[in-house]
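Number of protein chains: 2
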Amino acid sequence: MVKAVEASRGYHHGNLRDALIDAGVDLARSGGPNAVLLRAVSRAAGVSHNAAYRHFADQEDLLGTVAQRCMTQLSLLMIERMDLVQARTAARRARSRLEAIGRAYVDFALTEPGWFRTAFTSARPHTAAGDVDQAAPNPYALLGAALDDLVRTGVLAPHARAGAQYTAWSAVHGLSSLLLDGPLRELPQADVARAVDAVLAGINRSLG
Amino acid sequence: MVKAVEASRGYHHGNLRDALIDAGVDLARSGGPNAVLLRAVSRAAGVSHNAAYRHFADQEDLLGTVAQRCMTQLSLLMIERMDLVQARTAARRARSRLEAIGRAYVDFALTEPGWFRTAFTSARPHTAAGDVDQAAPNPYALLGAALDDLVRTGVLAPHARAGAQYTAWSAVHGLSSLLLDGPLRELPQADVARAVDAVLAGINRSLG
DNA sequence: GATGGATGTTGACGATGCCAACATGCGGGT
DNA sequence: ACCCGCATGTTGGCATCGTCAACATCCATC
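As you go down the protein sequences, you meet chains A and B in turn.
1435 is the number of the first residue of the first sequence in the numbering used here; add one for each residue after it.
1435 is the number of the first residue of the second sequence in the numbering used here; add one for each residue after it.
What follows is the structure in C-alpha cells.
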C-alpha cells in the first residue's frame, strides 16, 4: 500500500509527524505561535510528551514547520480569490488579480489572526536547511506572478517591476499588521474597509 | 526633594516599578518579547520573584508596559532624524521630513529588532485602561504631523490626507516587518537599501 | 525467526507564572 | 511622639513547560 493514512493506534503511531503538525496548526489557529507547545501537540495527538522529539529537534523546529503550513493557508486563500477574478481585457484582469490577492492577504490576517501571527513569528529562518516543501505555494511567489502578468500586459514597465514588488508587499503586509497588532487595532469596520481601499488604490497608483 | 532616584536598598526598594520596567526594556532589547519574564526582571532588579505582582497584574501587563516604552524609543529616533532635516522651501522640508521619518522607522526595526518586535507584540490592547502615558510621543502621531505639514505646504491635497496616512504607515511598517521577519529577512545589504528607496519613493509618488 | 535501529514511554530536573500566607516598615491620624 | 494600617517585599508551594537520559516496543531486514 502507499501509506497508512489512518493512524494505527498501537505502540507506534504510524503517522505521528503529520499528526503533530496538524495539532500544531490547530493550536496556532486559536492561540497563535505561543500556543504551539510541544506537550500540547503531543497531548492532542494522543501520544506521550517527548514523542515529538523523534520528529523535531526542539519546540522552535516544530513551530517553524507549523509556520510554513500557516503560510500555505494564506497562499490557498490568495489563489482562491485570484481564481474568482473575471475581466474583459488581459490588462484589467491582471490589475484585478493583484487587487484580489492584496485583499485576500488582509482578509486572512483579520479572519485568521492566529495563523497570520504564527506565519510571521519568524523565531528562526524557518527556511531551515533541509525539507522545505518546495511544492507548497508561497504568498510572495504569487504576488510576484501577479506582477509578472502586469508587465506582460503592459500595465507595468519592466524596469519598475522590482520596486513595485517591494512596494506592494510592504503595503499589504504592513496594513495587515497594523490592523491586527498596531494602532489600527480597534478601528471600526467601516474605517477598516476604507483603509484597505486606500492602500490598494495607492498600490495601483504607484504602478503608474 | 523631588523623588528618590537612587533606589534605597532596604526592605522596600523605593522605585521598584520603574526598575522592573527598565529591566524589561533591557531584556526586550536583546531577546524580544519572549525574554520579558516576570522572574527575570525581578532578578535584574535585585528583588525576589513575586515582588512584581505589587506593580503589575501579570506578565502580560508588564509586557504591555515595556512595549509602550519600546514604542517611545522608536519615536525618539524618528524625532531625532526629523530634526536633522534641512531644506530651502517649506514644501521640500516637509517632504524630506516624511522621508526621514520613514527611514528612521525601518532603521529602528533593523538595528533594534528586539525592541521593534516587542513594540508590536500586541498580546493585548496595551493601550489598556488607565495610565497610558499621554505625554510620550507616538510614532503614528509623528507620521500624522508630518502629513499635516505636507497638507499645510500644499504638497498633499487635503482630501487625500486620510488615505495617504494609511498608505504611508502601511508601507513603512510592512517593509520593516518583511525585512525583519518576512521573506526579505536575509536580503543582502545593498538590496535592502534599494528596497527602502523603492518603498519611500513609492510613498512620495502616491502623495501626488 | 532473530536482531538492530527507528519510534514511543517513563521519570526527572530546572525554569516559569501565579496563588497564599507571612514579614516589614512608611506615613498618617491621634 | 506614638501607634497602627496598608502598601510593599518575601517565602514557599503548585502546575506547566522544555529538555535530557534511560528504558520499552516493534518493524524491517538478513
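Quick reminder that beta carbons are idealized off the backbone N, C-alpha and C, glycines included.
- S1530(A) is outside the set of residues whose beta carbon lies under 8 Å from a beta carbon in chain B.
- Taking C-beta atoms as the reference points, V1585(A) and L1641(A) fail to come closer than 8 Å.
- Residue contact with chain A for Y1539(B): absent (no Cβ-Cβ distance below 8 Å to any residue of chain A).
- In this structure, L1621(A) keeps its C-beta atom at 8 Å or more from the C-beta atom of P1547(A).
- Taking 8 Å as the cut-off, the beta carbon of L1472(B) is found no closer than this to the beta carbon of H1607(A).
- Assigned with DSSP and collapsed to three states, A1479(A) falls in coil, not helix or strand.
- For F1550(B), not one C-beta of chain A is nearer than 8 Å to its own C-beta.
- Proximity of the region 1493-1511 of chain B to the region 1441-1456 of chain B meets the contact definition, three or more beta-carbon pairs being nearer than 8 Å.
- Here the C-alpha atom of L1634(B) lies approximately 17 Å from the C-alpha atom of A1579(B).
- DSSP places E1620(B) in the coil class of the three-state scheme, outside both helix and strand.
- Three or more beta-carbon pairs drawn from the region 1526-1536 of chain A and the region 1510-1517 of chain A are found closer than 8 Å, and the two stretches are therefore classed as touching.
- Using a Cβ-Cβ cut-off of 8 Å, S1604(B) counts as an interface residue toward chain A, since at least one Cβ of chain A sits closer than that to its own.
- Between L1581(B) and A1602(B), the C-beta spacing is below 8 Å.
- Residue contact check for A1632(B) against chain A: a CB pair falls below 8 Å.
- Judged by DSSP secondary structure, E1494(A) falls within the alpha helix (DSSP H) whose first and last residues are 1493-1517.
- Using a Cβ-Cβ cut-off of 8 Å, H1483(B) does not count as an interface residue toward chain A, since no Cβ of chain A sits closer than that to its own.
- Under the three-state reduction of DSSP, F1542(B) is assigned to helix.
- Taking C-beta atoms under 8 Å as the contact rule, A1553(B) and C1504(B) qualify, at a distance of about 4 Å.
- Taking a 10 Å sphere around the C-beta of H1447(B), we find 16 or more other C-beta atoms and assign the residue as buried.
- Note on geometry: alpha-carbon atoms of L1618(A) and Y1445(B) lie some 43 Å from one another.
- Look at P1467(B) here: in three-state DSSP terms it is helix.
- With distances taken between CA atoms, L1450(A) lies nearest to N1484(A) out of G1465(A), D1583(A), N1484(A).
- Under the 8 Å criterion on CB atoms, S1476(B) is classed as non-interfacial with respect to chain A.
- The three-state reading of DSSP puts T1523(A) in coil, since its state is none of H, G, I, E or B.
- Between the C-alpha atoms of L1461(A) and G1480(A) there is a straight-line separation of about 15 Å.
- Proximity of H1446(A) to chain B, defined by a Cβ-Cβ separation below 8 Å, is not satisfied.
- For Y1574(B), the enclosing alpha helix (DSSP H) stretches over residues 1573-1586.
- DSSP places F1550(B) within a helical segment (H, G or I) once states are collapsed to three.
- The contact set of L1612(B) on chain A, defined by CB atoms closer than 7 Å, consists of W1603, S1604, H1607 in chain order.
- The beta-carbon of G1636(A) is placed less than 8 Å from the nearest beta-carbon of chain B.
- Boundaries cannot be given for T1555(A), as no alpha helix (DSSP H) includes it and DSSP labels it neither H nor E.
- The shortest CA-to-CA distance from A1598(A) to any of N1638(A), T1587(A), P1571(A), A1521(A) is the one to N1638(A).
- DSSP places L1612(A) in the uninterrupted alpha helix (DSSP H) bounded by 1595-1615.
- Spatial neighbours of A1521(B) in its own chain (CB-CB distance under 6 Å, excluding positions within 5 residues in sequence) are listed in chain order as R1527, S1530.
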